[in-house]
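>
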Amino acid sequence: MTHSPAFSSLRQTAQSLTTRAHVPFSGTPTAALLLLDNGEWIPGVRVESASYSLTLPALLNAFTTAVALERAVDVAAFVLSRPFRREEGLYVEELPHGPYEAWAEDIWIKSDYAADETLPVPTDALAPTRETDAILDAESGLDEVRTLFERAYVPSSHFPVAALIETTDGSRIPGVNVEHPDWGRILCAERNALGTVHSYALNDIRRLFLSCKHDADGTPCGACRQLLAELAPESILWMDRHDDAPAQTTVSDLLPGSFRGRALLDDH
Ligand code: THU
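Taking numbering that gives the first Met the number 0, I'd label the letters of the sequence shown as residues 0 to 267.
(1) Helix, strand or coil, according to DSSP, for L147 in the structure here?
(2) Counting Cβ pairs closer than 8 Å, one from the stretch 108-118 and one from the stretch 138-145, do we hit at least three?
(3) With distances taken between CB atoms, is the gap from R19 to A31 smaller than 8 Å?
(4) So that I know if they touch, is there some Cβ in chain D lying closer than 8 Å to that of H21?
(5) For S15, which three-state DSSP category applies?
(6) Closest by CA to A61, which one among L125, W182, A262, T248?
(7) Starting from the N-terminal end, write out each residue whose C-beta falls within a distance shorter than 6 Å of any non-hydrogen atom of ligand 1.
(8) Does the separation of the CB atoms of L279 and V72 fall below 8 Å?
(9) Let me confirm a value: H2 is counted as buried when at least 16 other C-beta atoms fall within 10 Å, else exposed. Which label applies?
(10) Which two residues bound the contiguous beta strand (DSSP E) that contains A30?
(11) Which word fits P28, buried or exposed, when buried means at least 16 other C-beta atoms lie within 10 angstroms of its C-beta?
(12) Return the residue from the list A161, E178, E165, E116 that minimises the CA-CA distance to A103.
(13) By a C-beta neighbour count over all protein chains shown, 10 Å radius and 16 as the cutoff for buried, is N202 buried or exposed?
(14) Put L135 into one of helix, strand or coil per three-state DSSP.
(15) Would you check if the distance between the CB atom of A49 and the CB atom of T195 is smaller than 8 Å?
(16) Across which residues does DSSP place P42 in a beta bridge pair?
(17) Short of 8 Å in beta carbon distance, which residues of its chain neighbour A13, apart from the five on each side in sequence? Order them along the chain.
(18) I'd like the list of long-range same chain contacts for D36, defined as Cβ closer than 7 Å, with 5 residues on each side in sequence excluded.
(19) Three-state secondary structure (DSSP) at A49?
(20) From the DSSP output, in three-state form, read off V120 for me.
(21) Specify the secondary structure class of C211 as computed by DSSP and reduced to three states.
(22) Hey, V250 and L236: beta-carbon distance below 8 Å or not?
(23) Mind checking A228: buried by the 16 CB within 10 Å criterion, or exposed?
(24) Going by beta carbon distance, what residues of the same chain come within less than 8 Å of E138, once the five residues before and after it are set aside?
Here it is, written out as structure tokens:
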């Protein structure tokens with residue numbers, strides 16, 4: 000445990016993460032960092048969409064990664080690279096594992112830590128990938144995806160969705176759907192995994208495996224198709240069909256003629 004000087008190192012780390020933000024439209028990078036009880040931390044960056052309202056905010060991106068990595072319960076502090084906006088404070092306040100409270104304009108901490116003004120000593124970033132054998136075929140990818148269902152946080156829908164992104168270097172990144180009392184802040188499994196790839200500055204995306212526990216016809220929603228088209232246009236998708244053979248598709252087949260916002264980029 001350490002006293003408040005640790006806050007300056009957390010702030011520095013949050014600043015250094017801003018280079019990972021994907022902000023081609025605003026040019027305004029934001030990063031978040033979630034410090035865990037054991038000192039490890041989880042990054043989260045702003046990932047913009049040409050369809051602006053589909054943008055992943057840094058804080059949400061970080062928190063949904065924590066859920067997918069089964070560490071949401073361990074979050075000791077939320078740090079932003081700039082001051083919290085009022086709605087970001089509300090977002091943290093409504094999370095299930097608190098209570099958390101504002102500690103500084105850019106830091107919220109679990110109330111347990113606020114009383115004695117201490118926080119865990121920050122160590123390394125939590126690794127998002129798992130050291131397992133290569134995914135040989137679609138079935139083995141989908142077998143792995145199905146192990147992720149229990150990580151989904153689905154008190155509203157009871158509809159767990161799991162995604163697994165494989166990058167070109169063979170890393171695999173989990174994603175699950177993460178619900179929130181404000182449905183506008185719910186994030187799908189596919190976008191959760193996509194956001195994590197950016198937060199960790201990982202390599203290009205090769206394949207995405209997707210399974211809906213209670214739906215053998217599961218397919219990415221329109222919002223996820225949009226983000227996939229923007230962030231992983233060359234990738235292949237394997238969709239679980241339960242007792243039937245998995246279905247393969249590509250991002251360009253899922254959303255032909257997608258909006259990329261090229262005209263929006265001319266100003267930058
Ligand atoms: N959901 C996904 O995770 N991915 C999709 O492509 C479709 C919908 C989630 C969001 C929400 O938690 C629940 O399924 C019902 O929409």
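Heads up, the beta-carbon is just placed ideally off N, CA and C, and yes, glycines get one too.
Straight from the coordinates:
(1) coil
(2) no
(3) no
(4) The chain inventory of the structure shown lacks chain D, comprising one protein chain alone.
(5) Three-state DSSP puts S15 in a helix.
(6) Minimum Cα-Cα distance from A61 among the listed residues L125, W182, A262, T248 corresponds to L125.
(7) V153, S156, F158, V160, N176, E178, I185, C187, A188, E189, P219, C220, C223
(8) Nothing in the structure corresponds to residue 279, since the chain is present only between 0 and 267.
(9) Because the pLDDT at H2 is just 49, under 50, the model does not fix this residue reliably, and the point stays unresolved.
(10) 30-35
(11) buried
(12) E116
(13) exposed
(14) coil
(15) no
(16) L32
(17) A30, A31, L32, V78, L79, S80, D105
(18) D73, A75, P119
(19) coil
(20) Looking at V120 - three-state DSSP - the assignment turns out to be coil, as it is neither helix nor strand.
(21) DSSP places C211 in strand when its eight states are reduced to three.
(22) yes
(23) buried
(24) P245
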